[in-house]
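One structure is given below, encoded as C-alpha cells.
There are 2 protein chains.
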Amino acid sequence: MAKESGVTARDVSRHGAGRLHASGLARLKASGLRPTRQRLELAGLLFRGCDRHVTAESLHDEVTRAGVKVSLATVYNTLHQFTEAGLLRQVVVDAGRSYFDTNVGDHQHFFLEEEGYLIDIPGETIAVSNVPAPPEGLAVDRVDVVVRVKRA
Amino acid sequence: MAKESGVTARDVSRHGAGRLHASGLARLKASGLRPTRQRLELAGLLFRGCDRHVTAESLHDEVTRAGVKVSLATVYNTLHQFTEAGLLRQVVVDAGRSYFDTNVGDHQHFFLEEEGYLIDIPGETIAVSNVPAPPEGLAVDRVDVVVRVKRA
DNA sequence: TCATAGTTTAGAATAGTTCTAAACTGTTGA
DNA sequence: TCAACAGTTTAGAACTATTCTAAACTATGA
Ligand SMILES: [Mn+2]
Ligand SMILES: [Mn+2]
Ligand SMILES: [Zn+2]
Ligand SMILES: [Zn+2]
C-alpha cells in the first residue's frame, strides 16, 4: 500500500487579489514535466499568486532558507524548463546575470541597477510608437523597454 | 634627437558622410588618457567615422587581425575607460556579454539574438510615451528600448 | 513490482570578465 | 636631456554566472 505518490490534482485555486491561477502541480502536468519534490517546491515559491522576478541564485537561496534541499543545477534546469513551457519569461537587464519573471504577459520594467531589483510596468501603460520596420528578412519578435532608475 | 614621441595633434578631422569627429588622439587628450600605442590603435578602429557596436572579444579579434598586439585585459580596460570618459556607452541586450557602442547619442536598437548583432534606431524615430513616475525616491536614469528581431 | 525514461546532483568545465603585481612607458621638470 | 614618477600594459590567476557530465535516484505505467 504505497502512500508516497498520492498527490491529487486540485487543478486551480484562488489566490491574492481574487486572481485565478493554476497550482504548481497543474502547471507541471500541463507542461509534461514530472511533479518531483524539487519542481513542486520551486513552483510553489514561484506561483504563489503575486508576480515575481528571481535569479537562479535568489531562488536557490530562498528554497534553501525554506529548509528544502535542492541543488543549484536543478534550480537552473527548472527555470529553463519552466521558461520553455511558457510558465516564465527571461528578462535581460544586466549583462552577467539572468532574471526570470513569473509574469509572462505583456509588460515592461523599472530596473534599479544598484539593487538589481525589477518592478513591473503594466503592458497597457507604456506606448512604444513608430518602431521602424526591421531590415529585410527580419521580423520583430518583441519590444522590450527597460526604465533604468536610480535613488533620487 | 629622439623622434619617437613626435605625435602632433590634428585635433579634428573629416570622415564619412561629412560628419565632423575628433581624432583618436584628440579624444584621448580631452579625456586625460595617455595616448599609448594600444589606445591609439583601439581608438583608431572605434572612431573611424561610422558608429559601431563591439564586444571586448570582437574588438580584440579585430585589433589582433590588424597585426597589432594588444592584450585582452587592455581591451577591457580601454573599453571601460572610454565609457567613463563618455566616448562609448554600454548596451545591455544579452545576459552574459557586454556590448559597447560608439554612438553615445540618444538612440535605440534592433537586436538579432541569433547573430549577436545590433542595429541603431535613431533617437527621434521611436517614441516611448506614458512612462509612469518611478516609485518614491527614485529617478529615471534612462529608457532603453530593444527591438528583438529574428530571421523571418 | 519492474523496467524504463526522466530527473537530480556533485563536481568539473566553460565563458566572460576582473584582479594582481610586475614590467613597461609617457610625461614632467631639473 | 634625462631621471623620477605616475600611469599603463600584460600574463596569468581569480572570480562569477552558468552549463555540462555522468552516475545515482525516482516517477510512471504496464
Ligand atoms: Mn540576480
Ligand atoms: Mn559579444
Ligand atoms: Zn516583470
Ligand atoms: Zn547603437
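Protein sequences appear in the order of chains A and B. Every letter in the first sequence is one number past the one before it in this note's numbering, and letter 129, counting from 1, is 129. Every letter in the second sequence is one number past the one before it in this note's numbering, and letter 50, counting from 1, is 1050. Backbone N, C-alpha and C define an ideal beta-carbon position, used for all residues, glycine too.
- If you draw a 10 Å sphere on the C-beta of Q108/A, you find 16 or more other C-beta atoms in it, and that means buried.
- Here P1134/B has V1140 as same chain residues with Cβ atoms under 7 Å from its own Cβ, once five neighbours each way along the sequence are excluded.
- Within the model, the alpha-carbon separation for S23/A versus V54/A is close to 19 Å.
- Sequence-distant partners of A1043/B (beyond 5 residues in either direction) whose C-beta falls short of 7 Å from its own C-beta, in its chain, are G1024, R1027, L1028.
- Residue range 37-46 is occupied by the alpha helix (DSSP H) that includes A43/A, with no beta strand (DSSP E) assigned at that position.
- Set against 7 Å, the gap from the CB of D101/A to the closest heavy atom of ligand 3 is smaller.
- For D144/A, the shortest C-beta to heavy atom distance toward ligand 4 is 7 Å or greater.
- In the structure shown, D1061/B adopts helical secondary structure according to DSSP, grouped into three states.
- Counting along the chain, the unbroken beta strand (DSSP E) around V1146/B starts and ends at 1138-1151.
- Chain B has a Cβ within less than 8 Å of the Cβ of L112/A.
- Assignment of A127/A by DSSP, reduced to helix, strand and coil, places it in the strand class.
- In the same chain as P122/A, and ignoring 5 residues on each side of it, the C-beta atoms closer than 7 Å to its own belong to H107, in chain order.
- Setting aside the 5 residues that flank it on each side, V1068/B is surrounded in the same chain by E1041, each with a C-beta closer than 7 Å to its C-beta; the list follows chain order.
- Within chain B, the residues whose beta carbon sits less than 7 Å from that of T125/A are N1130, P1132, listed in sequence order.
- For the pair V63/A and R52/A, the Cα-to-Cα distance works out to about 14 Å.
- The three-state secondary structure of V91/A, taken from DSSP, is strand.
- Cα atoms of L1033/B and L1087/B: separation of roughly 12 Å, rounded to the nearest angstrom.
- Taking CB atoms only, P1135/B has a neighbour in chain A less than 8 Å away.
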